[in-house]
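For the sequence shown, the numbering used here assigns the number 66 to the initial residue and increments by one for each residue that follows.
Even glycine gets a Cβ: it sits at the ideal position worked out from N, Cα and C.
Only a predicted model underlies this, so the values are computations on that prediction, with no experimental measurement involved.
Let me begin by presenting the structure, written as structure tokens, before commenting on it.
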Amino acid sequence: MLGTNVTEEQAEAIREELGLNDPVLVRYGNWLKGIVKGDFGVSYQYDKPVAELVASRIPVSLGLVALALLFLLLISIPLGILIGSRLHSVWDTLLMGITQVFQCIPPFFMGILLTLIFGLWFRFFTPGQYCSYEDGIPEFLQCLIWPALAVAIPKVAMVVRFLRNAIAEELDKDYVRTAYAKGLSGMEVMCRHVLKNAMIPVLSVVGVVAADLVAGSLVIEQVFSLPGIGRLLISSISNRDYPVVAVLVVFIAAVVMMTNYVIEALYRAVDPRIRRGG
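This is the structure:
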């Protein structure tokens, strides 16, 4: 990283070397050519190829997002079914109140709460401790559990409430009464009919939530001191490391687009009406 005590001649030489004297369109065209060739430039701050620098951080962020998405599905779907099958009961009132509170907590504050309660008070983990994936996958995933929960819990509350409302809407339809009239039990009606239809709109919400998990993980990396792309992005913005910032923005956008594409494919697979064109 260059200091501020450089002469004007040195600054001009650096600008010329980096191509900063070229017009904006020329610089953008050269950057696109480099992207196509796999040449993402060199980091101003670390004096390393950007591709090498970003590649070392990707496993951390992708592992965090994947674990958060896993927690989201494992927690929200059973809870949503539990509440939906016990509408207007004590469980419904209690869990809806709890989810309302958790939904209002941003991921970074949830991370602070988890660190305070489970890290400092109960000592379930050591705040700031990180195990690289190169040292072992189990240890690496263990270090990501609490950051992933911090990202996932607010979104779990959102999906639970949406799934509960979708189940409640399905339970009022005629086909449910017909299924009960045929002698099916409540569990059979829920598993064979209601959930299949209730999950269709929930998938669209999961797609939006999955994109939010990516954004939330970028911030939570700061709270738990994880060396992922979020921490690298914030550091690069602070130090005006433009080649790194440009590549990270493109990478994050690509991940969000791919996530939405996968969710849309699942949506089409679950709902045959979309495959038939309406």
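Residues near methionine 66 by beta carbon distance below 8 Å, same chain, minus five either side = Any reading at methionine 66 must be qualified, since the residue scores a pLDDT of 45, below 50, and its modelled position is unreliable; the value itself is stated next. These residues qualify, in order along the chain: Tyr109, Gln110 and Asn304.
task = Report all residues from its chain with a CB closer than 8 Å to the CB of phenylalanine 227; omit the five preceding and five following residues, and keep chain order.
result = Taken in chain order, the residues that qualify are Gly145, Pro266, Val267 and Val270.
request  = Return the first residue and the last residue of the alpha helix (DSSP H) that isoleucine 146 is part of.
outcome  = Segment 123–149, the alpha helix (DSSP H) holding isoleucine 146.
task = Check whether the Cβ atoms of alanine 402 and methionine 264 sit closer than 9 Å, and answer yes or no.
result = Because the chain here runs from 66 to 343, residue 402 falls outside it and cannot be looked at.
For glycine 272, the nearest candidate out of Leu283, Phe173 and Met323 (CA to CA) = Taking each of Leu283, Phe173 and Met323 in turn and checking the Cα distance to glycine 272, the smallest one comes out for Met323.
request  = Under 8 Å by Cβ, that's how I've got alanine 133 and alanine 246 pegged, so tell me the actual separation to the nearest angstrom.
outcome  = With a Cβ gap of about 42 Å, alanine 133 and alanine 246 do not count as contacting.
key: Same chain only: Cβ atoms within 7 Å of asparagine 115, ignoring 5 sequence neighbours per side   = Correcting the residue identity first, residue 115 is valine in this sequence and not asparagine. Setting aside the 5 residues that flank it on each side, valine 115 is surrounded in the same chain by Phe105, Gly106, Val107, Ser108, Pro308, Val309 and Val312, each with a C-beta closer than 7 Å to its C-beta; the list follows chain order.
query = Taking the alpha-carbon positions, what's the valine 315 to glutamate 204 distance?
reply = The alpha-carbon atoms of valine 315 and glutamate 204 are separated by roughly 30 Å.
task = Measure from the alpha carbon of isoleucine 163 to the alpha carbon of each residue in Gly128, Thr191, Val225 and Ala334, then state which is nearest.
result = Per the Cα distances, Val225.
query = Can you list, in chain order, the residues of its chain whose CB lies under 6 Å from that of methionine 252, leaving out five sequence neighbours each side?
reply = Excluding sequence neighbours, methionine 252 sits near nothing in its chain.
query = What whole-angstrom Cβ distance do tyrosine 198 and glycine 128 have, given they're in contact under 8 Å?
reply = Going by Cβ atoms, the distance from tyrosine 198 to glycine 128 rounds to 7 Å, so yes, they are a contact pair.
ask   = Would you report the Cα separation of leucine 139 and valine 216, rounded to the nearest angstrom?
value = Between leucine 139 and valine 216, the C-alpha separation is close to 14 Å.
query = Under the three-state reduction of DSSP, which class applies to proline 88: helix, strand or coil?
reply = The answer is coil: DSSP assigns proline 88 none of H, G, I, E or B.
message = Please report the straight-line C-alpha distance between glycine 84 and threonine 72, rounded to a whole angstrom.
response = Rounded to the nearest angstrom, the two C-alpha atoms are 18 Å apart.
message = On a Cα-Cα basis, can you pick out the residue from Asp200, Leu118, Tyr195 and Ala334 that is closest to serine 301?
response = Looking at the Cα atoms, Leu118 is the closest of the given residues.
ask   = By DSSP, does valine 335 sit in helix, in strand, or in coil?
value = Residue state, collapsed to three classes: helix.
query = Cβ of valine 320 within 9 Å of Cβ of phenylalanine 173?
reply = Inclusion of valine 320 and phenylalanine 173 in the CB contact set at 9 Å is not warranted, their separation being larger than that value.
request  = Let me know the secondary structure DSSP gives proline 219 once reduced to three states.
outcome  = Here proline 219 sits in helix by DSSP.
key: Residue interval of the alpha helix (DSSP H) (run including aspartate 277)   = Segment 260–288, the alpha helix (DSSP H) holding aspartate 277.
ask   = CB isoleucine 317 to CB leucine 283, shorter than 9 Å?
value = With contacts defined by Cβ atoms closer than 9 Å, isoleucine 317 and leucine 283 form a contacting pair.
request  = Put methionine 66 into one of helix, strand or coil per three-state DSSP.
outcome  = In this prediction, methionine 66 has a pLDDT of 45, which is less than 50 and means its spatial position is unreliable; nothing more can be read from the coordinates.
ask   = Got a sec, what are the start and stop residues for the alpha helix (DSSP H) tryptophan 156 sits in?
value = Where tryptophan 156 is concerned, the enclosing alpha helix (DSSP H) starts and stops at 155–168.
Cβ shell of cysteine 208 (< 6 Å), same chain only, five flanking positions each side left out = Excluding five sequence positions before and after cysteine 208, the CB atoms of its chain that fall closer than 6 Å to its own CB belong to Tyr195 and Cys196, given in chain order.
query = Among Ile328, Glu82, Ser126 and Gln75, which one has its Cα closest to the Cα of leucine 42?
reply = This structure gives no information on residue 42, because the portion of the chain shown stretches from 66 to 343.
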